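Trainee: Residue numbers in the sequence shown follow the UniProt record's numbering, run continuously in steps of one, and reach 113 at the last position. Using N, Cα and C, we set each Cβ at its ideal position, and we do this for glycine too. All values derive from a computational prediction rather than experimental measurement.
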Amino acid sequence: LIQSGDQTCVGKRLDLTCRKFSSPVQFFSDKCKYAFHHPKKERIDMEMFYKDMVQYSCDDKKRSFVFKIRRQLEHFPFEYEPNRPDHFLSITFSRQDYISFKSRIFPIVGQGR
1 LIQSGDQTCV GKRLDLTCRK FSSPVQFFSD KCKYAFHHPK KERIDMEMFY
51 KDMVQYSCDD KKRSFVFKIR RQLEHFPFEY EPNRPDHFLS ITFSRQDYIS
101 FKSRIFPIVG QGR
């Protein structure tokens, strides 16, 4: 499943200064992949395995998939601190893509445990 991630946020979820990137997101049976341009590195390819995701949820109001990864992110050592309770990663979708994600992908996220 390939969907358009309207925005990917790394860091404090409610902070208006969080890093925001627009990128197509590919969802597979065990992971999601997306790429974006980084200010210090031309292109970053992210690969997030569902088995590494914790505290994941869907935010219907914001049409977002929100989750944490237990480890530090290589390219975001200052923006994302996994031990901080207010730091999350989120992928925000268009309305139609969110409906599709929630019905087709979200149910399999916890199956990789």
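Run through DSSP, which three-state label would I105 get?
Mentor: Looking up residue 105 in the sequence shown gives position 105. I105: coil per DSSP, three-state reduction.
Trainee: Tell me which residues share the same chain as Q111 and place their Cβ nearer than 8 Å to its Cβ, disregarding the 5 neighbours each side in the sequence.
Mentor: Here residue 111 corresponds to residue number 111 of the sequence shown, with the count starting at 1. If we look at Q111 and ignore the five residues flanking it on each side, its Cβ neighbours are Y50.
Trainee: Out of Y80, L73 and L89, which has the shortest C-alpha to C-alpha gap to D59?
Mentor: Here residue 59 refers to the residue found at position 59 when the sequence shown is read from its first residue. Taking only the C-alpha atoms, the option nearest D59 is L89.
Trainee: Tell me the DSSP secondary structure of K51 in three-state form.
Mentor: Residue 51 sits at position 51 when you count from the first residue of the sequence shown. It is helical.
Trainee: Determine which residues share a DSSP beta bridge with S100 and list them.
Mentor: Position 100 of the sequence shown, counted from the first residue, corresponds to residue 100. According to DSSP, which records beta bridges pairwise, S100 is partnered with nothing at all.
Trainee: Relative to the C-alpha of Y34, which candidate in R104, T92 and P82 has its C-alpha closest?
Mentor: Looking up residue 34 in the sequence shown gives position 34. It is T92.
Trainee: Please work out which residues of its chain come closer than 6 Å, Cβ to Cβ, to S57, disregarding the five sequence neighbours upstream and downstream, and give them in chain order.
Mentor: Against the sequence shown, residue 57 aligns to sequence position 57. Within the same chain, S57 has close Cβ partners V66.
Trainee: Along the beta strand (DSSP E) that carries K31, what are the first and last residues, could you check?
Mentor: Along the sequence shown, read from residue 1 onward, the residue named residue 31 stands at position 31. Here the beta strand (DSSP E) through K31 covers K31 to F36.
Trainee: Using a threshold of 8 Å, state whether the C-beta atoms of R95 and R70 are closer than that.
Mentor: Stepping through the sequence shown from its first residue, residue 95 is reached at position 95. Stepping through the sequence shown from its first residue, residue 70 is reached at position 70. In this structure, R70 does not lie closer than 8 Å to R95 by Cβ.
Trainee: Quick check: the Cα distance between E42 and I105, rounded to an integer number of angstroms?
Mentor: In the sequence shown, the residue the question calls residue 42 occupies position 42. In the sequence shown, the residue the question calls residue 105 occupies position 105. The straight-line gap from Cα to Cα measures roughly 29 Å.
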